[in-house]
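Quick note on our numbering: the sequence shown kicks off at -17 and runs consecutively. The structure appears below as structure tokens.
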Amino acid sequence: MDLSSDRLNALSALARFRNFSIAARSLGITQSALSQRIQKLEDDLEATLIVRDPSGLRLTDTGEKLTHFSNQISDLEREALGQIKKIPGKLSGIVRIAGYSSITRSLVIPSLRSLADTHPDLRFEISSKEIRELIPMLRRGEADFVLLNREIEGEGLERIHLGVEENVCIVPGKLPFPDIYLDHDPDDLTTIRFFKRQKSQPKIIKRSYFDDIYGIIDAVQNGLGKAIVSKHLIKNLKNITIQKGLRSLKEPIILYYLSSPYQTLKNKEVVRVLGTEIPNLLTQ
């Protein structure tokens, strides 16, 4: 049985956008045609690929594996075309990377400059997400690479340690501030982990929430509280002071991607560049 490329592309688009209407528009077809392609693919495989539940669309395990296979096929086709057209060393296609907010803007994006200069036909999709969202994104095919600050065990995952973030407690340099710690949301446990490293812990940790790490830093600068942030983010910032007498919290930066018997040249180059540039940026 041959798998139709149109049907595989339909699955990949649906996995990427999680919405039938948007996925159909991305492929230039009607929503009805997209639904038919997914249904025929499920019929061919005699397996369920997409499940609708109250939280929206999600891929089954089979759907995730097939999406990964489909994305690999697309990358290999681009690579083969590049070789046929005799464009040595020039890469094209989309590089999709997701990470958490303290490294996406400060480390991931700057590290891609050399890659963009060398391979101008590459396109980038970079997103900042909560830690808990990243591995599911990778498995669903929404990202080719994700970066986390912890070890994750799982079948089919490759990992590379890129460096270490040193987290410190920052307070406003001159303004008065309340005894409130600023985090992303109630599930953000950075402050809790930080105080587990200390000799003594506050009896009560009062918290306020801001959307991302830069919102947290802005809030500290404006005297809304204090926060645990990565030290590399506050270099040369005004009205920020590191609170003395507290141990820093060191956490790894780990690059994850899905295992494959054959990694495309594009993926190998992304791994090489991130593995070189991010450690360099951390030590600057």
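Beta carbons: idealized from backbone N, C-alpha and C, even for Gly.
Less than 8 Å separating the beta-carbons of Ala209 and Ile152?
-> Start at 1 with the first residue of the sequence shown, and residue 209 comes out as number 227. Start at 1 with the first residue of the sequence shown, and residue 152 comes out as number 170. For Ala209 and Ile152, yes; Cβs fall inside 8 Å.
To the nearest angstrom, how far is it from the Cα of Asp277 to the Cα of Leu9?
-> A query on residue 277 cannot be resolved here, the shown segment of the chain reaching from -17 to 266 and no further.
Own chain residues within Cβ distance below 8 Å of Ala5, not counting five before or after | As a working note, residue 5 is residue 23 in the sequence shown. Excluding positions up to five away in sequence, the list reads Ala(-8), Ala(-5), Leu(-4), Arg(-2), Phe(-1), Leu16.
Mind checking which residues open and close the beta strand (DSSP E) that includes Leu169?
-> Taking the sequence shown and counting its residues from 1, one reaches residue 169 at position 187. Sequence check: residue 169 is Asp here, not Leu. Judged by DSSP secondary structure, Asp169 falls outside any beta strand (DSSP E); it is assigned neither H nor E.
Out of Pro158, Arg141, Asp43, point me to the one whose CA is closest to Leu240's CA.
-> In the sequence shown, the residue the question calls residue 240 occupies position 258. Taking only the C-alpha atoms, the option nearest Leu240 is Arg141.
Straight-line gap, Pro158 to Gly205 (C-alpha atoms, nearest Å) = Residue 158 sits at position 176 when you count from the first residue of the sequence shown. Residue 205 sits at position 223 when you count from the first residue of the sequence shown. Within the model, the alpha-carbon separation for Pro158 versus Gly205 is close to 6 Å.
Residue of Thr265, Val255, Ile260, Thr172 minimising C-alpha distance to Asp99 | For the purposes of this step, residue 99 is identified with residue 117 of the sequence shown, where counting begins at 1. The shortest Cα separation from Asp99 among Thr265, Val255, Ile260, Thr172 belongs to Val255.
Whole-angstrom C-beta distance between Tyr82 and Asn131, which should lie under 8 Å | As a position in the sequence shown, residue 131 is number 149, starting the count at 1. As a position in the sequence shown, residue 82 is number 100, starting the count at 1. Here Asn131 really is in contact with Tyr82; their C-beta atoms are around 7 Å apart, less than 8 Å.
Report yes or no: do three or more beta-carbon pairs, one from the region 173 to 187 and one from the region 215 to 231, lie closer than 8 Å?
-> When Cβ pairs closer than 8 Å are counted between the two stretches, the region 173 to 187 is seen to touch the region 215 to 231, the count reaching three or more.
Hey, which unbroken runs of the alpha helix (DSSP H) at 4 residues or more fall wholly within the region 129 to 185?
-> Runs of the alpha helix (DSSP H) inside the region 129 to 185: 172 to 178.
Mind checking whether Lys248 and Val90 have CB atoms under 8 Å apart?
-> As a position in the sequence shown, residue 248 is number 266, starting the count at 1. As a position in the sequence shown, residue 90 is number 108, starting the count at 1. No; because the gap between Cβ atoms is not below 8 Å, this pair is not in contact.
Which value, in whole angstroms, describes the spacing of the CA atoms of Leu27 and Gln54?
-> Here residue 27 refers to the residue found at position 45 when the sequence shown is read from its first residue. Here residue 54 refers to the residue found at position 72 when the sequence shown is read from its first residue. Within the model, the alpha-carbon separation for Leu27 versus Gln54 is close to 19 Å.
Glu259 burial status per 10 Å Cβ neighbour count (16 or more: buried) | Reading the sequence shown from its first residue, position 277 is the one you call residue 259. By the 16-neighbour rule on beta-carbons within 10 angstroms, Glu259 is buried.
Thr280 versus Pro92: straight-line alpha-carbon distance, rounded = Nothing about residue 280 can be reported from this structure: the residues present for the chain run from -17 to 266 only.
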